[in-house]
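If you're matching positions, the sequence shown starts at 12 in this note's numbering and goes up one per residue. Heads up, the thing below is written out as structure tokens.
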Amino acid sequence: RLNPGVHVCFYGLYAPMNESYLRGLGVETILGGEFEEGLSNLIGRLRAAPANAETKSFPGAGLRAPSAGLPGGDSGSERRWQPEPVISLARLKFAVPDRSGLVPLQQYAHLILPGGEHRTVGYTEASRGCKHLCRHCPIVPVYNGAFRVVQREVVLEDIRRQVAAGAEHITFGDPDFFNGVGHAVAIVEALHREHPRLTYDVTIKIEHLLQHARHISTLRETGCLFVTSAVESLDDAILERLDKGHTRADFLAVVELFRQAGLVLQPTFVPFTPWTTLESYCDLLDVLSEERLIENVAPIQLAIRLLIPAGSRLLELAEVREMVGPFDPAALVYPWRHPDPRVDALCEEVQELVRVGDKLGRSRAQSFTRIWRAASTAASAAGVSKQRPEPVLVSRAAIPYLNEPWYC
């Protein structure tokens, strides 16, 4: 309404997955996957177009429309014409990112070290996409098992520029740093030779950490402070539904490998799923306590509820299709309710505990204790377990972490 002539473009992972909905809002160009070439072409096309040019359109459902045979979809929406592919998996030759127009790095998230020291953090990516097909992952509907590397010298020059701008630590945002392990190891070895005081963190699957266990020490020796790994659950039946590629035993094996290597593992979870029980949630807390991982897990990781977006591979499961409601365009998800309302009630209670704990600045151990009490009380009241004694929280050294842990 403010500017009827504006050309609206959405790009990123969730753009193609929600194409039907976005087209209905008047979005004219949608780009997913390796979007840079399409975005560049779009800019050139718009610059060259006459001011009064009309947008072409043709009838038909948008690519990967939310309907996908499920309730609530609109298979008759009009899809606007665009010459750029909605999803591109082209192998691009990347330019070094120009970040000169962004606010200073010091205004973004910081790394907090065990002694309380803050370090300025930069961000780069050595690869995009992923080889794997985890059912709940938003990368899969776009990349479908493909991954693309960013040229080594582009990554290293990006890091050089960020170091010159004040970065003392680099977060690699690759969905899985070991998708291309040779590429990844070469980059961190070169990074360490050039910037021996620079630290970094990466995200790697449990499956890859076992497969490439010899490189855990390589990470530590080249300045890696911690590795984030999407464990999601400790229930093997849930892990199988999510098609995660690892088991509970695999996770525990990786915990021991990291302990031996002297490197910090930061597991992340999706603890509330349609298959979570009060007992299995309490079991997760038990394991974190027994394995001395309470400090390694941000409280928000104990409160996350499974999202089922458009295009999710979870919709391949008949039991999921039967339990979800109509697609909610405002939330961009298929809503679901747990068959045991007590689990949903616990989820809401834990989320509130985490929210309040973050606001009050509670430590991870303090938040964990409150979550433990809530879960134990819920399980005891439901008769699925006896009231459990609180874990004995042994005083442990804090671990390095980013002060923006609100992500999955």
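Beta carbons are placed, not taken as given, at the ideal position from N, Cα and C, and that holds for glycine.
The beta carbons of residue 280 and residue 316 sit no closer together than 7 Å. Considering only 264, 252, 200 and 19, the residue with the shortest C-alpha distance to residue 217 is 264.
Ranked by how close their Cα comes to the Cα of residue 43, the residues 55, 54 and 28 have 28 in first place. As the crow flies, the alpha-carbon of residue 392 is around 12 Å from that of residue 357. Around the C-beta of residue 109, fewer than 16 other C-beta atoms lie within 10 Å, and the residue is accordingly described as exposed. Sequence-distant Cβ neighbours of residue 144 in its own chain, meaning closer than 8 Å and more than five residues away, are 151, 155, 156, 254 and 324. Taking a cut-off of 8 Å for Cβ pairs, the region 199-217 and the region 181-189 touch, as three or more such pairs fall below it. In this structure residue 271 is not in contact with residue 238, their Cβ atoms being roughly 14 Å apart against a cut-off of 8 Å.
The residue among 168, 92, 147 and 158 with its C-alpha nearest the C-alpha of residue 106 is 168. Distance between residue 174 and residue 350, taken at the CA atoms: about 51 Å.
By alpha-carbon distance to residue 190, the top candidate from 93, 52 and 136 is 136. Between the region 242-253 and the region 285-296 there are three or more inter-stretch CB-CB distances shorter than 8 Å, so the stretches are counted as touching.
Scanning its chain for C-beta atoms nearer than 7 Å, with the 5 sequence neighbours on each side dropped, one finds around residue 231 the residues 272, 273 and 274, in chain order. In this structure, the straight-line span from the alpha carbon of residue 111 to that of residue 322 is close to 36 Å. The beta-bridge partner set that DSSP reports for residue 133 consists of 181. Under the DSSP assignment, residue 362 falls in the alpha helix (DSSP H) whose first and last residues are 352-371. Counting along the chain, residue 278 sits inside the beta strand (DSSP E) bounded by residues 275-280.
Under the Cβ criterion (8 Å, minimum of three pairs), the region 303-314 counts as touching the region 377-385. Beta-bridge annotation (DSSP): residue 160 is paired with 138. The shortest CA-to-CA distance from residue 95 to any of 56, 384 and 334 is the one to 56.
Residue 322 sits in coil when the DSSP states are folded into three classes, being neither helix nor strand. Taken through DSSP and simplified to helix, strand or coil, residue 99 comes out as strand.
Residue pairing of residue 44 in beta bridges, as defined by DSSP: 99. Pairing residue 26 with residue 41 gives a Cβ-Cβ distance under 7 Å. Shown here for residue 103: same chain residues with a beta carbon closer than 8 Å to its own, the five before and five after excluded, namely 45, 47, 48 and 159 in chain order. With 16 or more other Cβ atoms inside 10 Å of its own Cβ, residue 312 counts as buried. In this structure, the straight-line span from the alpha carbon of residue 410 to that of residue 361 is close to 23 Å. Here residue 22 carries a strand assignment [DSSP, helix/strand/coil].
Bridge pairing for residue 123: 129 and 412 [DSSP]. Sequence-distant partners of residue 236 (beyond 5 residues in either direction) whose C-beta falls short of 6 Å from its own C-beta, in its chain, are 210, 212 and 411.
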